[in-house]
Amino acid sequence: MAKKRWLSALLIAVMMISSMAAPALAEGEVQEITWMFWDDLEASDDNITKGFAQVIDRFNADYEGVYHVTPITTTLEEYYTQLNALVDANQTPDVFIVSPGPNLTDYVAPGVAAPLDEYLADGWKDTFAGDSVFAQQTYDGKIYAIPLNTAAACVFYNKEIFAEAGVEVPATYTELLDVCQKIKDAGYTPITISAGTAWCLSMLAGYLCDREGVDLAALNAGTESWNNPKTVAAGEKLLELSQYFQETAAGDSNDDATAALYFEEAAILIQGSWAIGQMNGANPEFEAKCGVFQFPAIEGANDPNRIIAKSDSLAMSSTTKYPEASIALMKYFTDDEAQKYTAEIGGKIPVTKVEYDASIAPAQLADVMEIFGKATATFGFYNESLVTSDAGSFFDNQMVAIFQQEKTPEEAFQAVEDWYAENGYR
Amino acid sequence: MDKMLKNKTAIIIFMAPALILFTAVLFIPIGTSFYYALCDYDKATRSYSFIGLANFRKMLTDPTMGIALKNSLFFLLFSCISQLIMGILYAALLTNIQRGRNLFKNIIYMPCVLSSAALGLLWAFLFHAKVGINNLLEYIGIKGPGWLYEIKGFITLPMWVVAFVALWQYVGQSMMLYMAQISGINKSLYEASYIDGATKVKTFRYITLPLIRPMVVTAMSLNAIGSLKFFDLIYSMLGDKTENLKMDVLATYLYRTGFSSKGGNHYGYACAIGVVLVALCLIATAVINRIFKTEQYEM
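Residue numbers (this note's numbering), protein chains in the order written: chain A, 1225 to 1650; chain B, 356 to 654.
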């Protein structure tokens, strides 16, 4: 009996020691990190996503036995909710994608994202197109995220439908209304947009506000009220344009709305140039039929050459056990191979000094670059440029309320003003 | 057994694991939630300050809370009434047929054991604006409605759609409970009634219905609690569109307020919504027990 007890105790001790020793040995061999992203690397048709999948594969192959990254993927709609859950559970991914603006601030302010200046100082920063690419990622002089690409919000259109309806690219808002009416008369849906994914509608509202000359900085600072003649005029135009939206706009997701353009059911899509990778990936034949123009001017109002621009960025967890591996991974996303792919296949604007072959890049990218070249200034998405991400979500919902005619533009913008007051920003 | 019950050490030893587990994963979190409901919880710094009943006062002027409460009460009433009627109807029909009883019983019960998330996606596809049912309707020249995005009316069309899907999924559970109760009714009662000239409808009215009354309390209480904390189906069918489509129920609003990136991270307010949810569950159960108060009959 005593022998059996001793044997049992010995076996338990061996099991405990081996279970404690095993991970230590494994960690010594390979530095395991995680990278979180808002699309499915396996199932997505988006060319940018496919490019990211290649980066991950390349990194894991090149650093085999040294570093290894495991992707954590989710949908765009669920991304920040799941990332927040991981942060709350002290399981922040080592590297995660994030939009600049209040979303990035949500991770910089509580110290979730690490400053990256010391890693950029080894010459990595010099590979970027300039210091300005880090403007939206810089807080108190420190850089907290690495931009991967730049995209501009433009108007994508179907050249064949335009030709059939006998219309030209509109330069002004009045011309846009005329074009939409003629396209409708020709039997097509003039504009495809998603109100189900509220930020899509909000992006259009942001353009209308900016074209009307809304001073967003003054609204955020509280020196002007959200309920003012310019915002209200923008809201009225949003309502006016909504008569040309597809019937299912209220429930359509961003993917549904984008698909309506590349499946040639609708003539116009107002979307970021990141959609190029999605459209060309899902329907390569559409590339030749797809044109791009900048959002039209409102006569007698603001500068029409201002464009909405945004970049996908990578942040590193401040609690990562393996900063070297995390930085090595981030460098793979900004190396020449990845950046060339960004332009030549993905159709987005690279952020580094890489030279790419414009002749093989998506046809739409040349148009986007031309619009970018003419731009006098860039500005962010309205929902990513307000005081907090909560304020951005509230703004999105108010724009949907205008579209659904639940609120008048005055009521909707007054609600935004009230939100600012209730949350201590007035 | 008696000897064992007198042994206090044995009682403590046997109860301790369950008590510790329940305390750790249930009682402490519930107690903490009640406390956080009285606090303003700052997620960024993980600090909280006591604000009394401010979160509950805020609810009184919160329009989304009003919508969530209205929708939850609609689900409560709809599922209690519809599952009561459909559950008893299915149970009565299936106990009276011989051939195919098990087949139909399994078909009706099957959705209960399937994943709500998977079923939600399936039904969302069927009720999609362009495919599924609307595509079929288009073939016969009918323009289908926006099943999942029409927002007109006091109770919107998407609410009715989701309520219908919930009925389809959970009616099997009510049916099984009523069938179990009906099966327990002594056959001699029916035979006696037939000898006295009662029709099938009359035996159902005067024998079956009164004798399954105790099960009505159980089934309705389960339906009421289930429909008040309704979350998975509605979330998988509508995702994060619940707010814009006026489709929030208490559970989705709680989730969005406390955890979602869209207006989320207000833990204190989310806990207050949770407290309201618990209170409603208790009230609904008490009301059902009072309305259907009954004695147990020897069957």
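Where is the CB? At the ideal position from N, CA and C, for every residue including glycine.
- Under the Cβ distance rule, E1634 of chain A does not count among the residues neighbouring chain B, no pair being separated by less than 9 angstroms.
- For G1496 of chain A, the closest of A:F1487, A:E1523, A:L1428 and A:D1476 by C-alpha to C-alpha distance is A:L1428.
- For F1320 of chain A, the closest of A:T1351, A:D1536, A:K1564 and A:T1612 by C-alpha to C-alpha distance is A:D1536.
- Residues of chain A with a Cβ closer than 9 angstroms to the Cβ of A446 of chain B do not exist; the shortest Cβ-Cβ separation is about 37 angstroms.
- Residue environment analysis places F1469 of chain A among the buried positions, since at least 16 neighbouring C-beta atoms fall within 10 angstroms of its C-beta.
- Here H1292 of chain A is bridged, per DSSP, to A:E1256.
- Fewer than three beta-carbon pairs drawn from the segment 535-548 of chain B and the segment 466-478 of chain B are found closer than 8 angstroms, and the two stretches are therefore not classed as touching.
- Under the three-state reduction of DSSP output, P1394 of chain A falls in the coil class, being neither helix nor strand.
- Here the segment 1469-1479 of chain A makes no contact with the segment 362-372 of chain B; the two share fewer than three CB pairs at distances below 8 angstroms.
- Where F1320 of chain A is concerned, the enclosing beta strand (DSSP E) starts and stops at V1319 to V1322.
- At least one C-beta of chain A is nearer than 9 angstroms to the C-beta of S615 of chain B.
- Here N1314 of chain A is not bridged, per DSSP, to any residue.
- When the beta-carbon positions are compared, P1574 of chain A and N1504 of chain A stay at least 9 angstroms from each other.
- Below the 7 angstroms Cβ cutoff, chain B contributes G594 and D595 as neighbours of E1301 of chain A, in chain order.
- Counting only runs of at least 3 residues, the segment 496-550 of chain B fully encloses no beta strand (DSSP E) element at all.
- Cβ-Cβ separation between V1290 of chain A and I1280 of chain A: approximately 15 angstroms, too far for a contact (criterion under 8 angstroms).
- Against chain A, the beta carbon of N490 of chain B has no neighbour under 9 angstroms; the closest one sits roughly 12 angstroms away.
- In the DSSP assignment, L1538 of chain A is bridged to A:I1321 and A:I1370.
- Counting along the chain, no alpha helix (DSSP H) covers A1375 of chain A; the unbroken beta strand (DSSP E) around it starts and ends at A1375 to N1382.
- Contact check for A447 of chain B against C626 of chain B fails: the beta carbons are separated by 9 angstroms or more.
- If you compare the alpha carbons of A:F1276, A:P1324 and A:L1432 with that of D1527 of chain A, the shortest gap goes to A:L1432.
- Among the residues facing chain B, V1438 of chain A is not included, as its CB has no counterpart in that chain under 9 angstroms away.
- Separation of R611 of chain B and G1325 of chain A (C-alpha to C-alpha, rounded to the nearest whole angstrom) is 21 angstroms.
- Between Q438 of chain B and the set B:S538, B:N620, B:L522 and B:A553, the nearest pair of CA atoms involves B:L522.
- Counting along the chain, D1434 of chain A sits inside the alpha helix (DSSP H) bounded by residues A1422 to E1436.
- At a beta-carbon threshold of 7 angstroms, the residues of chain A lying near K485 of chain B are T1472, ordered along the chain.
- Take M441 of chain B, set aside five residues on each side of it, and the residues of its chain with a beta-carbon closer than 8 angstroms to its own are L522, V526, S529 and M530, in chain order.
- Closer than 8 angstroms at the C-beta level to chain B, one finds these residues of the segment 1283-1311 of chain A: E1301, E1302, Y1303, Y1304, T1305, L1307, N1308 and A1309.
- Around I506 of chain B, the beta-carbon contacts reaching into chain A at under 8 angstroms are A1474, Q1628 and E1630.
- The alpha-carbon of G539 of chain B is positioned some 55 angstroms away from that of Y403 of chain B.
- Under the three-state reduction of DSSP output, V1516 of chain A falls in the strand class.
- Assignment of alpha helix (DSSP H) within the segment 1540-1605 of chain A, counting only whole runs of 4 or more residues, yields 1547-1557, 1560-1568 and 1587-1598 in chain order.
- Between V1624 of chain A and chain B, the shortest Cβ-Cβ separation is below 9 angstroms.
- D1591 of chain A places its beta carbon less than 9 angstroms from that of V1516 of chain A.
- Counting only Cβ-Cβ distances below 9 angstroms, G501 of chain B has contacts in chain A at E1471, T1472, A1474 and G1475, in chain order.
- Each residue's CA atom was taken as its position, placing V520 of chain B and L444 of chain B some 18 angstroms apart.
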